[in-house]
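Just so we're aligned: 151 in numbering that gives the first Met the number 0 is position 152 of the sequence shown, and the numbers increase by one with no gaps anywhere.
Where a beta carbon is used, it is the ideal one built from N, C-alpha and C, also for glycine.
Only a predicted model underlies this, so the values are computations on that prediction, with no experimental measurement involved.
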Amino acid sequence: MPRPRRRLASTCIGTVTAGLLATGAALAAPENDRPEGSDIAMGAYLDYGPPGVARIPHLSSWLGGKEIRVGHTYLPGDKWAGIEGGVSFLEDWADWRRAEDDRLFVLNVPMQERNEDRVSDHQVARLIRAGAAGRFDRHFQRLAERLVELGVPDTVIVLGWEMNGVTYTHRCAPDPENWKVYWKRIVNTMRAVPGQKFRFDFAPNRGTDAIGWTKCYPGDDVVDVIGMDSYDQGPGQTFDDQITQPYGLQQQVDFAKAHGKPISYPEWGLFRRGDNPEYVRRMLKWIAQHKPLYHTITDYCPHGVWQCKDNPDSAKAFRDALMPERPGPVVPTPVVPTPVVPTPVVPTPVVPTPVVPTPQVPTPQVPTPQVPTPQVPTPQVPTPTPVVPTPLVPTPAVPTPVVPVPTPVVPGTQSPLPVSPSPLVPTPVTPAPVSPSPVAPSPQVPLPVTPRPPFPTPAVPDTEPDTDPEDEPVPTPSPAVPTPQVPAPSPVSPSPLTPKPEPTPPKPLPQPTPPPVNSTHWCVPLNFGEWLSKLVGTQSVCIKLDFGKDSGLWPF
């Protein structure tokens with residue numbers, strides 16, 4: 000489209016200065032309909048030379064501190080010297096670009112001199128063929144070398160912009176095929192310069208205009224970005240028309256996607272419909288949705304929103320959409336003290352340890368002879384108590400002649416153990432009806448120690464008759480049980496069948512040898528009661544306990 004920037008350059012200086020003073024410090028709060036892609040690299044065309052560089056921080060301040068990451072300018076297309084980069088303002092833009100690594104420097108480059116002189120289609124076709132033949136290669140080689148020398152080898156080159164229109168001498172319609180060849184020669188010439196990292200942006204007008212812009216597309220090998228200049232004008236009456244029309248916004252997005260290229264919007268802004276905030280809001284939302292590599296609004300009248308005061312509503316919509324969100328005042332969160340609940344000290348219960356008494360194991364006492372045991376104890380004899388009863392040894396006495404009284408034998412009973420009477424020493428017979436209980440000697444009353452005859456071995460009944468009365472063993476009472484005192488029986492008349500023996504005076508017996516001290520052979524009589532004693536007779540149990548002095552158990 001026609002560009003009035005040079006014609007308006009002198010008249011806009013005062014307007015821009017007044018606009019800076021009037022609006023530079025004014026800030027507005029962002030609205031809730033902020034586009035999600037408001038952080039996409041954006042910029043504005045503010046002036047082609049140093050004033051354009053100087054205005055960037057003021058625009059940023061007007062937008063509430065939003066970072067302006069794109070610097071956009073144009074090379075003059077009147078003479079080849081300007082197209083070769085022989086202008087001083089390139090140094091100012093190069094300095095701005097090098098200040099931050101994430102900045103983009105976008106440079107519009109004409110393809111022909113006398114670019115805005117409204118050259119005829121015939122002349123344009125002849126110039127296109129000359130360029131395709133390589134006649135103008137040296138001019139673009141010098142431009143590439145100049146940009147590399149300035150330290151901006153990664154400049155985005157918008158080459159032959161709006162080539163599908165009717166305005167510029169570098170338009171495509173007079174000879175599309177040679178125009179594409181000419182584009183390729185320029186790109187290959189500039190890429191041949193050492194150190195370059197240029198990206199070439201193919202940016203037609205939105206819509207068909209003089210020719211459909213896809214017919215001018217030179218190829219993926221020489222195009223890096225597919226851009227579009229889109230102002231608020233026809234074709235189309237609404238923004239939706241701008242999207243859906245042939246060669247419109249949607250076709251640009253689809254074409255770039257099909258060719259694997261990013262999109263851009265080097266120029267956009269208001270125009271034929273004046274102050275139109277709806278267009279501004281819709282265009283910014285479209286940009287946020289499709290995330291171009293960059294976008295720059297043309298900011299002078301009638302297109303602009305900051306330097307042009309003719310579009311206040313659009314300016315507000317622009318600011319509200321792009322101002323970064325400011326955090327609200329920091330309201331300190333009230334600190335609610337956590338109540339300190341004292342932890343109750345629960346005393347640990349002291350459980351007394353039960354005192355378990357040590358069991359006192361009593362020393363087993365030796366059973367006294369009062370409780371005889373029919374079994375012979377084993378040699379391991381418990382330690383006797385210190386007090387050992389001295390067995391009562393009766394003094395041997397001469398038996399009193401007793402007339403034997405025959406005991407009637409009851410059928411079915413057993414008479415007491417018979418004692419064969421000796422013609423010299425009759426054995427006293429204990430009457431059956433009277434059985435005095437043996438009196439056990441008290442272990443607590445010591446008896447006078449008298450010589451005792453040795454304890455004979457228990458007599459075994461001899462089946463053969465003895466001829467020597469002295470050989471007959473004399474029954475000796477058990478050391479533990481005294482001989483029972485048998486009362487003298489009443490004289491009983493002898494049976495007529497049994498001759499009455501005449502008592503023979505007892506022959507004095509030889510004095511027995513005194514028994515050794517602490518004999519080991521004790522005999523205890525057993526009492527089975529009156530009735531049973533008649534059947535089994537008088538019995539006794541003898542035990543042998545070794546308490547001799549040499550046994551180690553003798554306590555005295």
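My guess is that residue 323 and residue 63 are in contact by the Cβ rule of under 8 Å, so how many angstroms apart are they, rounded? Approximately 6 Å separates the beta-carbon atoms of residue 323 and residue 63; this is inside 8 Å, confirming the contact.
Range of the contiguous beta strand (DSSP E) that encloses residue 81: Run containing residue 81: none in the beta strand (DSSP E); it sits in the alpha helix (DSSP H), 79-82.
Assuming contact is defined by CB atoms lying nearer than 9 Å, are residue 276 and residue 315 in contact in what I supplied? Cβ atoms of residue 276 and residue 315: closer than 9 Å.
Looking only at its own chain, which residues have a Cβ that is under 6 Å from the Cβ of residue 425, when we skip the five neighbours before and after it? Caution is warranted here: a pLDDT of 44 is assigned to residue 425, below 50, making its placement in the model unreliable, and no coordinate value can be reported.
Look at residue 264 and residue 228 and say whether their C-beta atoms are less than 9 Å apart. Contact: yes.
Residue 558 - containing beta strand (DSSP E), residue span: Because the chain spans 0 through 555 in this model, residue 558 falls outside it and cannot be assessed.
Comparing alpha-carbon positions, which option in 245, 224 and 225 lies nearest residue 234? Among 245, 224 and 225, the Cα nearest to that of residue 234 belongs to 245.
How about residue 52 and residue 70: are their beta carbons less than 9 Å apart? Taking 9 Å as the Cβ cut-off, residue 52 and residue 70 qualify as a contacting pair.
Tell me the rounded alpha-carbon separation between residue 60 and residue 74. C-alpha separation (whole angstroms): 27 Å.
For a test of the three-state rule: what should DSSP assign to residue 180, helix, strand or coil? When secondary structure is reduced to three states using DSSP, residue 180 falls in the helix class.
From the DSSP secondary-structure annotation, give me the bridge partner or partners of residue 264. Per DSSP, 294.
Hey, residue 67 and residue 48 are a contact pair by Cβ (cut 8 Å); roughly how many whole angstroms apart? The C-beta distance from residue 67 to residue 48 rounds to 17 Å, too long to meet the 8 Å contact threshold.
Determine the closest residue to residue 261 out of 219, 284, 148 and 241, with distance taken between C-alpha atoms. Per the Cα distances, 219.
By a C-beta neighbour count over all protein chains shown, 10 Å radius and 16 as the cutoff for buried, is residue 119 buried or exposed? Residue 119 sits exposed, since fewer than 16 C-beta atoms from the chains shown fall within 10 Å of its C-beta.
Roughly how many angstroms separate the alpha carbons of residue 231 and residue 96, rounded to a whole number? So the alpha carbons of these two residues sit roughly 30 Å apart.
What number of angstroms, rounded off, separates the C-alpha of residue 126 from the C-alpha of residue 157? Straight-line Cα distance between these residues: approximately 20 Å.
Residues in the same chain with beta-carbon distance under 7 Å from residue 270, minus the five sequence neighbours each way, listed in chain order, please. Around residue 270: 230, 231, 232, 301 and 302.
In the structure shown, what three-state DSSP assignment does residue 147 receive? Looking at residue 147 - three-state DSSP - the assignment turns out to be helix.
Hey, how far is the Cα of residue 180 from the Cα of residue 311? One alpha carbon belongs to residue 180, the other to residue 311, and they sit about 45 Å apart.
For residue 112 and residue 78, I'd like the C-alpha separation in whole angstroms. Those two C-alpha atoms are separated by around 5 Å.
Inter-residue CB distance, residue 155 and residue 198 (contact presumed, cutoff 8 Å): Right, the Cβ-Cβ distance comes to about 5 Å (below 8 Å), so this counts as a contact.
Mind reading off the beta-carbon distance from residue 174 to residue 200? Whole number of angstroms is fine, and I expect it under 8 Å. Separation of the CB atoms of residue 174 and residue 200 is rounded to 22 Å, and the pair is thereby denied contact status at 8 Å.
Three-state class that DSSP yields for residue 114 in the structure shown: Here residue 114 sits in coil by DSSP.
I need the straight-line Cα distance from residue 177 to residue 291, nearest angstrom please. Each residue's alpha carbon lies about 29 Å from the other.
From which residue to which residue does the beta strand (DSSP E) around residue 71 run? From DSSP, the beta strand (DSSP E) with residue 71 extends over 69-73.
Thinking C-beta only, is residue 101 closer than 9 Å to residue 72? No, these two residues do not count as a Cβ contact at 9 Å.
Just mark residue 239 as buried or exposed, buried being the case when its beta carbon has 16 or more other beta carbons within 10 Å. Burial call: exposed.
Within 10 angstroms of the Cβ of residue 163, are there 16 or more other Cβ atoms? Answer buried if so, exposed if not. Buried is the call here.
My parser needs the beta strand (DSSP E) runs of 3 or more residues fully inside the stretch 195-264; what are they? Taking only runs of at least 3 residues, the beta strand (DSSP E) segments lying wholly in the stretch 195-264 are 198-201 and 224-226.
Under the assumption that residue 170 contacts residue 209 (Cβ atoms under 8 Å), give the Cβ distance between them as a whole number of angstroms. Under the criterion of beta carbons closer than 8 Å, residue 170 and residue 209 qualify as touching, at roughly 7 Å.
Pick out whichever of 133, 278, 40 and 57 has its Cα sitting closest to the Cα of residue 305. Checking every option, the nearest Cα to that of residue 305 belongs to 57.
Just to confirm before moving on: does the CB-CB distance between residue 141 and residue 90 stay below 9 Å? The answer is no: Cβ separation not under 9 Å.
Could you have a look at residue 41 and say whether DSSP puts it in helix, strand or coil? Residue 41 falls in the strand class under three-state DSSP.
Within 10 Å of its beta-carbon, does residue 54 have 16 or more other beta-carbons around it, so buried, or fewer, so exposed? Residue 54 comes out buried.
Consult DSSP for residue 187 and reduce its assignment to one of helix, strand or coil. It is helical.
Checking the sheet assignment: what are the DSSP bridge partners for residue 104? DSSP, once it has assigned bridges, lists 70 as partnering residue 104.
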